[in-house]
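J.: Residue numbers (our numbering): 90 to 230.
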RNA sequence: GGAGUCGGCCAGGCAAUCGCUGUGUUUCGACAUAGAGGAAAGUCCGGGCUCCACAGGGCAGGGUGCCAGGUAACACCUGGGGGGCGCGAGUCUACGGCUAGUGCAACAGAAAACAUACCGCCUAAGUCCCUUUAUUAAGGGGCCGGUAAGGUUGAAAUGGUGCGGUAAGAGCGCACCGCGCCGGUGGUAACAUGCGGCGGCAGGGUAAACCCCACCCGGAGCAAGACCAAAUAGGGGAACAAUGGCGCGGCCCGCGCUGUUCCCGGGUAGGUUGCUUGAGGUAUGUGGCGACGCAUAUCCCAGAUGAAUGAUUGUCCACGACAGAACCCGGCUUAUCGGCUAACUCUACUU
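#1: Report the rounded CA-to-CA distance for residue 132 versus residue 199, giving the unit in angstroms.
#2: With DSSP as the reference, label residue 227 as helix, strand or coil.
#3: Quick check: residue 215 and residue 139, are their CB atoms within less than 8 angstroms of each other?
#4: Please work out which residues of its chain come closer than 8 angstroms, Cβ to Cβ, to residue 206, disregarding the five sequence neighbours upstream and downstream, and give them in chain order.
#5: Where do the ends of the alpha helix (DSSP H) carrying residue 144 lie?
#6: Rounding to the nearest angstrom, what Cα-Cα distance links residue 202 and residue 181 in this structure?
#7: Since residue 153 contacts residue 193 with CB under 8 angstroms, what's their CB separation in whole angstroms?
#8: Report the option in 170, 174, 169 and 185 whose CA atom is closest to the CA atom of residue 117.
Here it is as structure tokens:
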């Protein structure tokens, strides 16, 4: 218990965040986002992959009890800012809805050119499939 | 009614559920409220702001280029002038200077800038020869010449038409048109001119060719700049302890490295700030043809930073284009489904 003392104190804000989440159930506050380059690199080091036509998704267990999301939508993927925004919003929305199944994972979504041409409902479907697959794979490894 | 010219405005609406960002309140459960554009775009100009540089002047370099006004400023806007196009409403216009210098121009054409003469036209003057005739005359041919009217080329060839004139011609002369200069008149000016006078009349084009002239311009940008500042590396100083240890060295001196504590500055990751109250909007009045100015009242209207304004469902219709703020303004340019509307022009028809 003495050894874990530091970890517990760090976890306190997490616990609060968790409480907030359970109250509003499917929110997407700042704690659920990957922000710094270090956090992205952590995922890139040992990722579980799930690739499709529209996206490549990487994930890695993060030792926390909530998931975190990072987005990489390059200009090559979608030329106009409006299209890039649309993809980001769709991914966030889908992530928000399926976050229960992804708890404890850091996820990075990389957009591909194909994603640009697909409709909203198609993209949501494919994302949902990816989430399930990732959850399974990471559980095994 | 048809055809057309010009401005201005709107840019899917509503409801439910789940979310995001800022602000305020909070009983820390939440609640309230605000939340992309006309171009937010291109980054092409002009400013503010910030830091750096700076006595003044010149050179270089860049920009602007009819006039007057507006403006913080502009390459923008408004009004006006000249020129092109259109029956017209209108529209387009880098629109100072090739009577300072240098350069450039394919092909065609005789000739494209020191002008010149290919086809032509003409033999008057001068001169030679021939024919006719008795002769100082007439005719023909040549030389030396004259000419630029006509033809040919070209985007462009020394103003046009007519008459006179002549050997043939020519602003050679005249008339009209055009042009230039001087003066007058109108206009703030650009400029205009059914005004007056003078001159036969410039000498091609190109200055988004160098250039000349006039005027303007310091550089970099919010990743500007300011503040806080970890780990690790590392700089300077002080104190304490030992008078040590390690390396260089045969030894001493000396030099370098090494302990603990404190202080100082520089400063990376990261964070805070700059960051939205402004050449601001909206009314009303007022000056101005107008751009716009002035006065009063009133309002606060995105501020993210791994980057908010969305998703799903229902519903209505015209079935929704181009497209996403990133320090802030003023312009320009480009993209754009549709729709509404002011003013004006031409034209058909009816009364």
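For glycine and all other residues, C-beta sits at the position ideal for the given N, C-alpha and C.
T.: Put simply:
#1: 12 angstroms
#2: helix
#3: no
#4: none
#5: Premise fails: residue 144 lies in the beta strand (DSSP E), 144-150, not in any alpha helix (DSSP H).
#6: 18 angstroms
#7: 6 angstroms
#8: 185
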